[in-house]
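What follows is a single structure, written as structure tokens, with notes after it.
2 protein chains.
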Amino acid sequence: MIIHSLVKGMIIGLLGPEGTYSEKAAKLLNPEAGLMFFDDLEDVIGSVLSQEVDCGVVPIENSLEGSIGITMDALKEYDIYIIGEVIVPIRHCLLSKGHLEDITVIMSHSQGLAQCRKFIREHFRDVKIQTTGSTSHAAKLTSEFPGMAAIASRESAQKYGLDILADDIQDYKKNYTRFAVLGNNIPEPTGHDKTSIIIHLAHDRPGALYDLLGEFASRNINLTKIESRPSKMGLGDYLFYIDMEGHRSDRDISVALNNIEKIVDWVKIIGSYPSGTRKKVKN
Amino acid sequence: MIIHSLVKGMIIGLLGPEGTYSEKAAKLLNPEAGLMFFDDLEDVIGSVLSQEVDCGVVPIENSLEGSIGITMDALKEYDIYIIGEVIVPIRHCLLSKGHLEDITVIMSHSQGLAQCRKFIREHFRDVKIQTTGSTSHAAKLTSEFPGMAAIASRESAQKYGLDILADDIQDYKKNYTRFAVLGNNIPEPTGHDKTSIIIHLAHDRPGALYDLLGEFASRNINLTKIESRPSKMGLGDYLFYIDMEGHRSDRDISVALNNIEKIVDWVKIIGSYPSGTRKKVKN
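These protein sequence lines map, in sequence, to chains G and A. When we follow this note's numbering, the leftmost residue of the first sequence carries the number -16, and every step to the right adds one. When we follow this note's numbering, the leftmost residue of the second sequence carries the number -16, and every step to the right adds one.
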């Protein structure tokens, strides 16, 4: 899972403080890299844009809650590319210095809270819910007050001296987060790559999505993901984020993308990068 | 926008307390209806299932943040249907009893917080962020402490005696929420209907989505929405939520849905209902 361009001495920007799932992803990517922690995802993305770091590692998609809006929006808005990906299993714990019956506040990142919605509703219907910049930030804050609990990783418990009051508390067992490695240049093909694009379809052009998918289907290009997201320009106006197997320099993909430019309003290639998984999905 | 089956004396279940955007939606739907407020969306949905109310009004999609997971999941899991829709413009205010410089906590529903992410980041980087069951619940809590502020509607300010410290604070001006009216039976055609379905595509069947869209395209059935959501069964496994113009009893739609059953793993009709808008979008 270590991608070719990543070498010893490199600096990875990521969400902090220590103990985040982003840290797990960064260590899977390159255990030798130096880590530069930031308070929020916007700052991680900024550090890639300003080249303060060699690359950034940010969550892009969770198997329960779907895409991470900030990352998806940044890929649309900035000159930044996905240059790799890492998949991390997510196993949330309820951490505290106090006892179960003393808890009056539960804190976590909004994603952690959403992934454990049923658990919170069932056991802590009347506690206050506080959103923090990261799961480990919640763990860090929790260590100051026994009435507080954090939803965070097992590693955060160790890091901040907290007890694990409950383990594996996400609402569904299969909980994975895909992290994107962000950089400023699209890497060369490796032979097992993926390409990601964003598309905005022309208004009032029925069948446009059908025609667009036809460009892939007719060339046997395997789509590993197709996702619609609000364009923020009004209800019913969507962007489509599409991932496919192959590098943008592959002949079939290159021809398909050229043809697609004529069908759609707007298309942006947001990355060609070594695939983190080999599993084939549908399109 | 008042749908035929809704009459005087009916009871609508919705998210409370008074002052929610759901209340605006319910009053647009039927100004004469009795309103029964619940603490969270799960309870509203439960009240429809148990027939404690005649129908429920719940947010289903926001133009900035996309779909409301709880509603989308409930439509998949329960025997419940969309029987109508209402679109409400969302204009968030920052409400408090105190002054701007005193604010140490900002509270709102997670959607309100997400829709004002940039505003909060720019002006209140170091305040605590607390999640509440609804925007008006945040307003109600805020009225007790001058150091707190809520992100909620203008109506909530009046309702809970708060000052409007800032108006129109959502990150993008075009902010709309589509509310679904939930009921236990699919209404008869009115001549200007929409039909909503959920589809799970078979695994390892490349081109399945293309074939599926072909069933609609070949019959000139206009899709007003196509959205993928995680199936919660693993990364890369999606459900597709598709809205189309027409009633499920229309011949073209009925044939298309029959053919689609043969292509996909699983399909569920989650409603045929009078359209809240007439605007044609693309597919």
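Idealized CB from N, CA, C, for every residue including glycine. Note that the coordinates shown come from a computational prediction; the quantities given were computed from them, not determined experimentally.
**Study point:** Proximity below 9 Å, CB of Ser91 of chain G to CB of Ala133 of chain G
**Key:** Contact: yes.
Exercise for review: Check the Cβ-Cβ distances between Ala200 of chain A and every residue of chain G, and say whether any is below 9 Å.
Suggested key: Ala200 of chain A counts as touching chain G.
Check your understanding: Is the number of C-beta pairs between the stretch 189 to 199 of chain G and the stretch 168 to 176 of chain G that are closer than 8 Å three or more?
Key -> Verdict: no, contact absent.
Point to revise | Where Met216 of chain A meets chain G, residues with beta-carbon distance less than 9 Å | key: What Met216 of chain A touches in chain G: Ser46, Tyr155 and Lys157.
Check your understanding: Going along chain G in order, which residues have a C-beta closer than 8 Å to the C-beta of Thr114 of chain A?
Key -> Correct list: Ser93, Leu96, Ile112, Gln113 and Thr114.
Check your understanding: List, in order along the chain, the chain G residues whose C-beta lies closer than 7 Å to that of Ser211 of chain A?
Key -> The contacting residues are Ile209, Glu210 and Ser211.
Check your understanding: Gly130 of chain A: which of A:Trp249, A:Leu(-2), A:Tyr4 and A:His82 sits nearest, CA to CA?
Key -> Closest option to Gly130 of chain A, Cα to Cα, is A:His82.
Practice item. Identify the contact partners of Gly2 of chain G in chain A, using a Cβ-Cβ distance below 9 Å as the criterion. Key: By Cβ distance, chain A contributes nothing, its closest Cβ being about 20 Å from Gly2 of chain G, past 9 Å.
Check your understanding: Cβ of Glu25 of chain A less than 9 Å from any chain G Cβ?
Key -> With 9 Å as the cut-off, Glu25 of chain A counts as an interface residue toward chain G.
Review point. Are the Cβ atoms of Leu206 of chain A and Ile236 of chain A separated by less than 9 Å?
Key: No.
Exercise for review: Compute the distance between the beta-carbons of Leu11 of chain G and Val69 of chain G, then report whether it is under 9 Å.
Suggested key: Cβ distance < 9 Å, so Leu11 of chain G and Val69 of chain G count as in contact.
Point to revise | Helix, strand or coil at Asp226 of chain A according to DSSP, with G and I counted as helix | key: DSSP places Asp226 of chain A in strand when its eight states are reduced to three.
Practice item. Label Pro72 of chain A either buried or exposed according to how many other C-beta atoms from any shown protein chain fall within 10 Å of its C-beta, with 16 as the threshold for buried. Key: Exposed is the call here.
Practice item. Could you confirm whether any beta carbon from chain G is found closer than 9 Å to the beta carbon of Arg74 of chain A? Key: It does not: the Cβ of Arg74 of chain A has no partner Cβ on chain G nearer than 9 Å.
Exercise for review: If I'm right that Tyr4 of chain A touches Thr178 of chain A with Cβ under 8 Å, what's the distance once you round it to whole angstroms?
Suggested key: Actually they do not touch by this definition, with Cβ atoms about 25 Å apart.
Check your understanding: According to DSSP, is Thr183 of chain A helix, strand or coil?
Key -> Note that residue 183 of chain A corresponds to His in the displayed sequence, not to Thr. When DSSP states are grouped into helix, strand and coil, His183 of chain A belongs to the strand group.
Practice item. Out of A:Asp176, A:Ala163, A:Glu244 and A:Lys251, state which residue places its alpha-carbon closest to the alpha-carbon of Pro257 of chain A. Key: From the listed residues A:Asp176, A:Ala163, A:Glu244 and A:Lys251, the smallest Cα separation to Pro257 of chain A is found for A:Asp176.
Check your understanding: Can you list the residues of chain G that Leu32 of chain A reaches, using a CB-CB cut of under 9 Å?
Key -> The contacting residues do not exist; Leu32 of chain A stays about 16 Å from chain G at best.
Review point. Whose C-alpha, out of G:Ala16, G:Gly(-8) and G:His106, is nearest the C-alpha of Ala149 of chain G?
Key: Selected option, being the one with the closest Cα: G:His106.
Review point. Which residue comes first and which comes last in the alpha helix (DSSP H) that contains Met55 of chain G?
Key: Met55 of chain G: member of the alpha helix (DSSP H) spanning Gly52 to Glu60, first to last residue.
Check your understanding: Closer than 7 Å, Cβ to any Cβ of chain A: which residues of the stretch 56 to 86 of chain G, in chain order?
Key -> Result list: Ile70.
Practice item. Could you pull the start and end residues of the alpha helix (DSSP H) that Leu83 of chain G belongs to? Key: Annotation for Leu83 of chain G: no alpha helix (DSSP H) segment contains it, and DSSP assigns it neither H nor E.
Check your understanding: Would you say Ile243 of chain A reaches chain G, if we count a Cβ-Cβ gap shorter than 9 Å as a contact?
Key -> Taking Cβ atoms only, chain G never reaches closer than 9 Å to Ile243 of chain A, which makes this a no.
Review point. For chain G, is any of its Cβ atoms less than 9 Å away from the one on Ile256 of chain A?
Key: One detail in the question is off: residue 256 of chain A reads as Tyr in this sequence, not Ile. No, because no Cβ of chain G sits closer than 9 Å to the Cβ of Tyr256 of chain A.
Point to revise | Expected contact under 8 Å - CB spacing of Thr160 of chain G and Asn45 of chain G to nearest Å | key: About 5 Å separates the two Cβ atoms, so the contact holds.
Check your understanding: Tell me which same chain residues have a C-beta within less than 7 Å of the C-beta of His120 of chain A, skipping the five on either side of it?
Key -> Result list for His120 of chain A: Pro0, in chain order.
Practice item. In the DSSP assignment, find the alpha helix (DSSP H) that holds Ile204 of chain A and state where it starts and stops. Key: Run containing Ile204 of chain A: none; DSSP gives neither H nor E here.
Practice item. Would you kindly work out how many angstroms separate the C-alpha atoms of Ala97 of chain G and Ile152 of chain G, rounded to a whole number? Key: Straight through space, the alpha carbons of Ile152 of chain G and Ala97 of chain G are spaced by roughly 11 Å.
Review point. If you measure from the beta carbon of Ile51 of chain A to each beta carbon in chain G, is any gap under 9 Å?
Key: By this cut-off, Ile51 of chain A is not an interface position.
Review point. Buried or exposed: where does Ser33 of chain A fall if 16 or more other Cβ atoms within 10 Å of its Cβ makes it buried?
Key: Looking at its Cβ environment, which holds fewer than 16 other Cβ atoms inside 10 Å, Ser33 of chain A is exposed.
Exercise for review: Leaving aside the five residues before and after Asp22 of chain G along the sequence, list all residues of the same chain whose C-beta is less than 6 Å from its C-beta, in chain order.
Suggested key: Only Gly116 meet the Cβ criterion.
Point to revise | Cβ distance (whole Å) where Gln94 of chain G is taken to contact Glu138 of chain G below 8 Å | key: With a Cβ gap of about 17 Å, Gln94 of chain G and Glu138 of chain G do not count as contacting.
Practice item. Can you give me the Cβ contacts of Tyr61 of chain G inside the same chain, cut-off strictly under 8 Å, excluding the 5 residues immediately before and after it? Key: Result list for Tyr61 of chain G: Ile28 and Leu32, in chain order.
Practice item. Measuring alpha carbon to alpha carbon, tell me which of A:Pro213, A:Ala239, A:Leu240 and A:Arg100 ends up nearest Asn158 of chain G. Key: Among A:Pro213, A:Ala239, A:Leu240 and A:Arg100, the Cα nearest to that of Asn158 of chain G is on A:Pro213.
Review point. Is Cys38 of chain A closer than 9 Å to Val164 of chain A when the C-beta atoms are compared?
Key: In this structure, Cys38 of chain A lies closer than 9 Å to Val164 of chain A by Cβ.
Point to revise | Nonlocal neighbours in the same chain, by C-beta distance under 6 Å from Ile209 of chain A, ignoring five residues either side | key: Within the same chain, Ile209 of chain A has close Cβ partners Ile225.
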